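Data block below; observations after.
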Amino acid sequence: MKILPIGSVVLLKGANKKLMIYGLKQEDIEAKVTYDYVGCLFPEGNIDANSNYLFNGVDIEKVYFVGYMDEEQEKFLESIPSQLFR
């Protein structure tokens, strides 16, 4: 699975609202579970702490936009072992 960069806009399975990815490998401290991505509602953005959505790559139904990629971003994503993402 290809790791999506921040800024990517996706729709999760069963959802009716798009999310924009703004972080990778996020941990739900209470549940002690690590997720592939954290996103916020699109186009609203990060409104408050209650508007963050943790999800995994397997939860993505459709990718609408792939975030900005340059050499620095490519190197960063290549440095993350892909087996850490679901």
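Sequence positions in the sequence shown follow the numbering used here and run -5 to 80. Cβ coordinates follow ideal geometry from the N, Cα and C atoms, glycine included. Remember, it's a predicted structure, so these values are computed and weren't measured experimentally.
By DSSP's assignment, LYS56 forms a beta bridge with LEU5. Straight-line measurement puts the Cα of ILE0 at about 16 Å from the Cα of GLU38. Spatial neighbours of VAL57 in its own chain (CB-CB distance under 6 Å, excluding positions within 5 residues in sequence) are listed in chain order as VAL4. DSSP places LYS69 inside the alpha helix (DSSP H), whose first and last residues are 65 to 73. Under the three-pair Cβ rule at 8 Å, the region 6 to 21 counts as touching the region 38 to 51.
Less than 9 Å divides the Cβ of ASP22 from the Cβ of TYR29.
The alpha carbon of LYS7 has as its nearest neighbour, out of PRO75, GLU55, SER73 and GLU65, the alpha carbon of GLU55. The C-beta of SER2 has 16 or more other C-beta atoms within 10 Å across all chains shown, which makes the residue buried. One alpha carbon belongs to GLU65, the other to SER73, and they sit about 12 Å apart.
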